[in-house]
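In our numbering, the protein residues as written are 29 to 310. These notes are about the structure you will find just below.
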Amino acid sequence: MTATLLVSGPNRPGLVARLSDFVYQHGGNIVSADHHGERESDLFFMRLTWDAAGMTQGREATRAGIDELAAELSLKAELTWSDVVQRAAVFASRTPHTLYDLLLTWQLGELGGDIALVVSNHRSLESVAKHFGVRYEHVPFDANDRAGVEARQQALLDECRVDLVVLARYMQVLSPPFVERWRGRLINIHHSFLPAFVGAQAYRQARERGVKMIGATAHYVTTELDQGPIIEQDVVRVSHRDEVEDYARKGRDLERQVLTRAVRWHLERRVLVSGDRTIVFS
């Protein structure tokens with residue numbers, strides 16, 4: 029069993045030493061340590077993982093000690109344990125490729141967490157969820173009762189004790205209150221190399237502009253459409269010979285890979301948000 033600590037805050041001499049020494053003094057054996065300091069902002073980021081089998085104190089005492097040290101060093105700290113598995117819910121609409129990839133990766137034990145629930149505003153993907161033995165809930169979109177729809181969705185998330193919501197080509201815009209409630213725990217896949225070509229017709233826009241590469245972007249959702257902190261991106265080349273359908277086919281490959289990587293990194297506690305950007309210890 030391992031413990032993972034994510035920290036961020038003002039940079040100063042000795043941070044790595046103080047944090048590492050805490051682990052050593054309490055019987056932990058460090059197995060991974062990644063850190064990054066930014067000159068312009070003078071901020072410090074670190075991901076520290078250690079074997080906790082030999083720890084000389086319990087979890088609550090360890091957490092209290094970390095909190096005390098973080099307060100002394102003016103750091104924000106998040107401590108997690110490998111046997112406490114995060115639970116994700118996937119929101120989807122009609123397109124199945126990103127949902128399939130997430131479910132298959134989860135079934136193979138390679139996602140870093142559990143998929144507890146699939147929620148969709150259509151019934152077309154119910155068979156996909158059932159194939160993988162995952163609970164599927166149909167929550168139709170109602171433009172006249174948006175609050176009621178999101179209340180039903182939130183009730184399902186609460187019931188299933190969900191830690192992360194993944195928008196796998198979910199084609200409805202969530203309300204600001206819902207987004208704020210899930211800030212930092214709500215990941216979307218956008219079929220474009222953001223910040224270019226926002227909105228629903230990204231591939232058509234890209235072809236009309238004659239771009240030579242198309243991309244996909246996984247990002248945390250904020251109240252500003254497609255503008256949240258970017259977790260992962262990738263690109264593939266296209267040419268004048270490609271039609272919009274070719275763009276979409278190539279893009280689907282990117283979307284599923286990029287989204288799955290982003291979800292895995294989040295569930296493995298590899299992502300720190302700093303303002304409008306992320307630090308990813310991948």
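Just so it is clear, CB atoms sit at the ideal spot from N, CA and C, and this is done for glycine as well.
query: Span separating the alpha-carbon of Glu-138 from that of Leu-132; result: 9 Å
query: Opening and closing residue of the alpha helix (DSSP H) in which Ala-234 lies; result: 230-236
query: Buried versus exposed, by CB contacts within 10 Å (16 or more), Thr-27; result: Since the first and last residues shown for the chain are 29 and 310, residue 27 lies out of range.
query: Other residues of its chain near Leu-287: CB distance less than 6 Å, five sequence neighbours each side excluded; result: Thr-126, Ile-217 and Ala-246
query: Bridge-paired residues (DSSP) for Asn-39; result: Answer is none; Asn-39 lacks a bridge partner.
query: Alpha-carbon to alpha-carbon, Arg-237 and Trp-78; result: 49 Å
query: Residues near Arg-122 in its chain [Cβ-Cβ closer than 6 Å; skip 5 each side]; result: His-150 and Ser-152
query: Spatial neighbours of Thr-30 in its chain, beta-carbon cut-off 8 Å, leaving aside the 5 residues before and after; result: Val-59, Thr-77, Trp-78, Asp-79, Ala-80, Trp-109 and Ser-110
query: Backbone CA spacing between Leu-33 and Gly-42 [nearest angstrom]; result: 17 Å
query: Helix, strand or coil at Gln-135 [DSSP, three-state]; result: helix
query: Stretch-stretch touch, CB-based, cutoff 8 Å, three pairs: the region 243-257 with the region 202-221; result: yes
query: Cutoff 7 Å; reference His-219; Cβ partners in own chain excluding five residues on either side; result: Ala-230, Tyr-231, Ala-244, Gly-279 and Glu-283
query: In DSSP terms, what Gly-56 is bridged to; result: Its beta-bridge partners do not exist; DSSP assigns none.
query: Where Lys-104 falls: helix, strand or coil (DSSP); result: strand
query: Trp-109, DSSP secondary structure in three states; result: strand
query: Nearest neighbour of Gly-261, chosen from Phe-160, Arg-277, Ala-290 and Glu-178 [CA to CA]; result: The amino acid occupying residue 261 in the given sequence is Gln; Gly does not appear at that position. Minimum Cα distance to Gln-261 is reached at Ala-290.
query: Contact set for Leu-71: own chain, Cβ-Cβ below 8 Å, skip 5 residues either direction; result: Ser-36, Gly-37, Pro-38, Asn-39, Gly-65 and Ser-302
query: Pair within 8 Å by beta-carbon distance, Val-177 and Asp-170; result: yes
query: Simplified DSSP assignment, three categories, for Tyr-164; result: strand
query: Beta-carbon proximity check, Val-118 vs Leu-130, cutoff 8 Å; result: yes
query: Where Tyr-198 sits in the DSSP three-state scheme; result: coil
query: Distance, Ile-307 Cα to Val-51 Cα; result: 23 Å
query: 6 Å CB neighbourhood of Glu-296 in its chain, flanking five on each side removed; result: Gly-140
query: Reduced DSSP category for Ser-155 - H, G, I as helix; E, B as strand; rest coil; result: helix
query: Bridge partners - Ser-302, DSSP secondary structure assignment; result: Arg-305
query: For Arg-115, the first and last residue of its enclosing beta strand (DSSP E); result: 115-120
query: Limits of the unbroken beta strand (DSSP E) element including Phe-72; result: 71-79
query: Start and end residues, alpha helix (DSSP H) containing Thr-288; result: 272-295
query: Straight-line Cα distance separating Leu-107 from Arg-87; result: 10 Å
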